[in-house]
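Visitor: Protein sequences appear in the order of chains L and P.
First residue of the first sequence? That's 37 in the numbering used here, and the numbers climb one at a time after it.
First residue of the second sequence? That's 14 in the numbering used here, and the numbers climb one at a time after it.
Built from N, CA and C at the ideal position, the CB exists for glycine as well.
Since the structure is predicted, the reported quantities are computational estimates derived from the model, not experimental observations.
Take this structure first; my questions come after.
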Amino acid sequence: MTGKAMGKGTLLAAFLLAFVVVVLFFYGLDHLVMGIQGLPLNPDLSPAG
Amino acid sequence: MMGPGRGYRRMGRAGRGSVWSAGGRWPYLLLALMLLAAVPAMAAGTTDGLSVEERIAPIGRVQVEGGPEVAPSFGEAVRAEPEPPLAAPQPQRKDYPDIGISSRAVVWVVAQMHLFFGALVLAVPLFVLVIELTGVLTRDERYDDMAHEFMKISLVGFSITAIIGGTLALALFMLYPDFMAYMMRVFRVQWLWYALLFFVESFFLYTYYYGWNALRYGNRKWVHLTLGLLLNGAGMTIMVLANSWATFMMAPSGVSETGAVTGTVWEAMKGPLWNPINLHRFIANIGFGGAVVGAYAAFKFLSTRDPKLRAHYDWMGYTSNFIAILAFLPLPFAGYWLMAEIYAYSQQMGITAMGGILAWLFIVQAVLIGTILLAGNFYLWSGMSRTEGSVRYQWLVKYIAAILVICFLTWMTPHTLILSAKEIATLGGSHHRILGPLGIMPAKNIAVNLMLVVTFLSFQIYRRSDKVATVSWAPVGNAFMVAIYIVAMANIVFAGVYYGYFTNTVYKVGSSVLQVASTLVVIVSGLTIDGFMYKGAKKLPSHWGRVSNRSQYALFALPIAFTWLMGLMGYVRSSVKTYWHVYTIMKDNSPDNFIPTIGYAGNMITLVTVLFVLFVLFMFWIANLSGTRQPRPAATGVEGGAT
């Protein structure tokens, strides 16, 4: 199925959904990678240490 | 008097019979009996109840009449007074031979040339094996032919490596005898294993190359692949053994503070920098090897007008570039690990490398890496002209180019400028108020990671150019891919700016790992999504050979930049020891025990790069010559004219 066949609205919704999922993934990655190094972060990503 | 000639003739005539006649046989029988009698004694290691050690030991002290009594048994006396462990030698200036020119310069050139060729001949069989295996799995013989041709280049390089390696060994023993004697003492039997491995590697290299056509199909092909695997096993072992000498000199282990050998050979090998160097060289060698054989393909492409051959060498050049850039992408991360371990081992050593005089060379490094990435990307964009499907992605190229250039300029911005007093007064200090912040690591980390991400994007759109995804979820897959690029790049910039400039040093250093992780997420997810999305995709026609000549010059730029870069960073790695042969253990007291000026080092690195390029051209010429056949001269009617 191409983008045209999918419809612009559906495509935009798919992109927004993907964007939210990816942002959450990277947010978790930031906490994980810094935490592993003993550098904890606050929920707003500022240093907690 | 009978001369030797006459005697030889007499032996020749009557002779063979007379040796075994009753009169001539006994000396041989006697000799055989003596040997038989000696074997048990040799096997037991004793004669008359004495061990070999006791028999060859000095007689001992003589008791002087009226003097103190000597020890009754020599063996006991030796055991009672163990010798203190031998410290590392401390040679003086006079202990270094003077040959009229700088010994360091001689060893520098020869060692660097050996490393270049060593890297090439160790790397090529690695990816040749992978290409050959790809040919087996895809049942496409073109891969097999290409792999064979790559090996042909490597074969000439192997001889050159061995010749230069022998020259290097002689130069080291002649010019640095005390240092080499110490290294022999530390690594002991490992040197013999190293020499033995050359025989093993030669055996597998020749059987692998010359057995290519004899072991081409069916089960025999698997025998051939096994030979390739064993060849690479021997090559890799040689590499890690040689690496251990370099890392021992930087961070000695298995010895005491005075350099006395206290540990095993294994303990001397597995110093703290050994594995980081092993990984770094392993990856770098593959990138370097890919770049050199890419230049060979470009050379062949430009020197033929035959469309079939141009198509073949175009494909070969593309594959080489693919190998070089793919290996290059993780290289900065391996380099990062190495530098982190250097800092962990000795902060002073780390600061010498990145904060002192050598820091300027990292600016040159940025220029060279930028050159590699720009050339690699340019080649990919040029290669997109091979297929009509590339028009879908060409609009992206200008944005990729803009990011590459901006990051390149950021990366090569120095922290401290070399300025005159007037310029400093005009500027208001040695740091530019806008450009100054770009000279420190957070800005460099952002730049390098973004360059790697967009280089991967070039790869991805290149590989997508001749395909159309047919899976139903392709738009969703694309949406995820776009989101990953945007968020990852934003995360790299955020981590660099926020933690790099607005938090403490610990978070600043830690954030670089975060940036690396973001880049790796892009690469891994890109490969995974495309791997599934383009499975069974519709293929668009691809015209190999339909690429501009200009793109081939990018393939020449790559090995030159790679070679210069290896020479440069090899110099930095070696110079961090400053005035030590073996760091903190054995001082270098030769006339060259100082870090040379950047200009001198630059000239030396350029010299070895030019030398290597000349040798590589010779290698290409030889490889070309082996495929050249002189046409049979036309018959002229003169007798023997057609022979």
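In whole angstroms, what separates the C-alpha of Leu342 of chain P from that of Val535 of chain P?
Guide: About 12 angstroms.
Visitor: Reducing DSSP to helix, strand and coil, say where Gly58 of chain P ends up.
Guide: Low confidence applies to Gly58 of chain P: its pLDDT is 42, below 50, so where it sits in the model is not reliable enough to give any reading.
Visitor: With a threshold of 16 other CB atoms inside 10 Å of the CB of Ala227 of chain P, please say whether the residue is buried or exposed.
Guide: It counts as exposed.
Visitor: Ignore the nearest five residues each way along the sequence and tell me which others in Ala51 of chain P's own chain have a CB closer than 8 angstroms to its CB.
Guide: Confidence is the limiting factor: at Ala51 of chain P the pLDDT is only 47, short of 50, which leaves the residue's position unreliable and the question unanswerable from this model.
Visitor: By how many angstroms is the C-alpha of Arg586 of chain P removed from the C-alpha of Trp577 of chain P?
Guide: Trp577 of chain P and Arg586 of chain P: Cα-Cα distance of roughly 14 angstroms.
Visitor: How many angstroms separate the CA atom of Ile176 of chain P from the CA atom of Ala124 of chain P?
Guide: Going from the Cα of Ile176 of chain P to the Cα of Ala124 of chain P covers about 12 angstroms.
Visitor: Can you give the Cα-Cα distance for Asn491 of chain P and Leu465 of chain P, rounded to whole angstroms?
Guide: Taking the straight line from one Cα to the other gives about 20 angstroms.
Visitor: Can you check the segment 410-434 of chain P for any alpha helix (DSSP H) of at least 4 residues that lies completely inside it and give the ranges in chain order?
Guide: DSSP runs (the alpha helix (DSSP H)) wholly in the segment 410-434 of chain P: 410-424.
Visitor: Using the three-state DSSP reduction, which class does His445 of chain P fall into: helix, strand or coil?
Guide: It is coil, neither helix nor strand.
Visitor: Under a three-way DSSP split, which group does Leu77 of chain L fall into?
Guide: Correct three-state label for Leu77 of chain L: strand.
Visitor: In chain order, which continuous runs of the beta strand (DSSP E) of length 3 or greater are located wholly inside the segment 123-204 of chain P?
Guide: Those beta strand (DSSP E) runs which fall completely within the segment 123-204 of chain P and span 3+ residues do not exist here.
Visitor: Can you tell me whether Phe659 of chain P is buried or exposed? The criterion is at least 16 other CB atoms within 10 Å of its CB, across all chains shown.
Guide: In this structure chain P extends from 14 to 656, so residue 659 of chain P is not present and cannot be described.
Visitor: Which residues, in order along the segment 51-78 of chain L, keep a beta-carbon less than 7 angstroms from a beta-carbon of chain P?
Guide: Result list: Phe51, Ala54, Phe55, Val58, Val59, Phe62, Leu65, Asp66, Val69, Met70, Gln73, Leu75.
Visitor: Taking only beta-carbon positions, decide if Val500 of chain P is within less than 8 angstroms of chain L.
Guide: Answer yes: the Cβ-Cβ gap between Val500 of chain P and chain L drops below 8 angstroms somewhere.
Visitor: Do Met454 of chain P and Pro102 of chain P count as a contact pair if the criterion is CB distance below 8 angstroms?
Guide: The answer is no: Cβ separation not under 8 angstroms.
Visitor: On the DSSP bridge assignment, give the partners of Pro83 of chain L in chain order.
Guide: DSSP lists L:Leu77 as partners of Pro83 of chain L.
Visitor: Is Pro285 of chain P closer than 8 angstroms to Tyr349 of chain P when the C-beta atoms are compared?
Guide: Cβ atoms of Tyr349 of chain P and Pro285 of chain P: not closer than 8 angstroms.
Visitor: Please return the same chain residues whose Cβ sits closer than 7 angstroms to the Cβ of Phe130 of chain P, not counting the five positions on each side in sequence.
Guide: Excluding residues within five positions, the ones whose Cβ falls inside 7 angstroms are Gly170, Ile173, Thr174, Ile177.
Visitor: Out of P:Thr384, P:Tyr356, P:Tyr475, P:Val526, state which residue places its alpha-carbon closest to the alpha-carbon of Gln407 of chain P.
Guide: Taking only the C-alpha atoms, the option nearest Gln407 of chain P is P:Tyr475.
Visitor: Is the number of C-beta pairs between the segment 63-76 of chain L and the segment 522-542 of chain P that are closer than 8 angstroms three or more?
Guide: Short answer: they touch.
Visitor: Could you have a look at Val537 of chain P and say whether DSSP puts it in helix, strand or coil?
Guide: In this structure, Val537 of chain P counts as helix in the three-state DSSP scheme.
Visitor: Within its chain, find whatever has a CB closer than 8 angstroms to the CB of Leu240 of chain P; leave out the 5 residues flanking it on each side and keep chain order.
Guide: Answer for Leu240 of chain P: Phe217, Thr220, Tyr221, Gly224, Leu228, listed in chain order.
Visitor: Determine the direct distance from the alpha carbon of Arg446 of chain P to that of Leu393 of chain P, and round the result to whole angstroms.
Guide: If you take the alpha carbons of Leu393 of chain P and Arg446 of chain P, they lie about 37 angstroms apart.
Visitor: As a quick exercise: from P:Ala508, P:Gln528, P:Leu205, P:His594, pick the residue whose alpha carbon is nearest that of Ala264 of chain P.
Guide: Comparing Cα positions, the closest option is P:His594.
Visitor: Closer than 8 angstroms, CB to CB, is Ser531 of chain P near chain L or not?
Guide: It does; some Cβ of chain L falls within 8 angstroms.
Visitor: Taking the DSSP output, what are the residues bridged to Lys480 of chain P?
Guide: Answer is P:Lys552.
Visitor: Tell me the DSSP secondary structure of Thr400 of chain P in three-state form.
Guide: Note: Thr400 of chain P maps to strand in three-state DSSP.
Visitor: Flag this pair as touching only if the segment 268-277 of chain P and the segment 291-310 of chain P have three or more C-beta atom pairs under 8 angstroms; answer yes or no.
Guide: Short answer: they don't touch.
Visitor: List, in order along the chain, the chain L residues whose C-beta lies closer than 9 angstroms to that of Thr7 of chain P?
Guide: With chain P running from 14 to 656 in the structure shown, residue 7 of chain P is simply not present.
Visitor: Is the segment 632-650 of chain P close to the segment 382-391 of chain P, with three or more CB pairs under 8 angstroms?
Guide: Judged by Cβ distances under 8 angstroms, the segment 632-650 of chain P makes no contact with the segment 382-391 of chain P, as fewer than three pairs qualify.
Visitor: Excluding five sequence neighbours on each side, which residues of the same chain lie with their C-beta closer than 6 angstroms to the C-beta of Met193 of chain P?
Guide: Once the five neighbours on either side are set aside, the close Cβ partners of Met193 of chain P are Leu185, Phe186.
Visitor: Run through DSSP, which three-state label would Lys313 of chain P get?
Guide: DSSP places Lys313 of chain P in helix when its eight states are reduced to three.
Visitor: In three-state DSSP terms, what is Val560 of chain P?
Guide: Here Val560 of chain P sits in coil by DSSP.
Visitor: Roughly how many whole angstroms lie between the Cα atoms of Val56 of chain L and Pro554 of chain P?
Guide: Rounded to whole angstroms, Val56 of chain L to Pro554 of chain P spans 37 angstroms at the Cα level.
Visitor: Does any C-beta atom of chain L lie closer than 8 angstroms to the C-beta of Leu527 of chain P?
Guide: It does; some Cβ of chain L falls within 8 angstroms.
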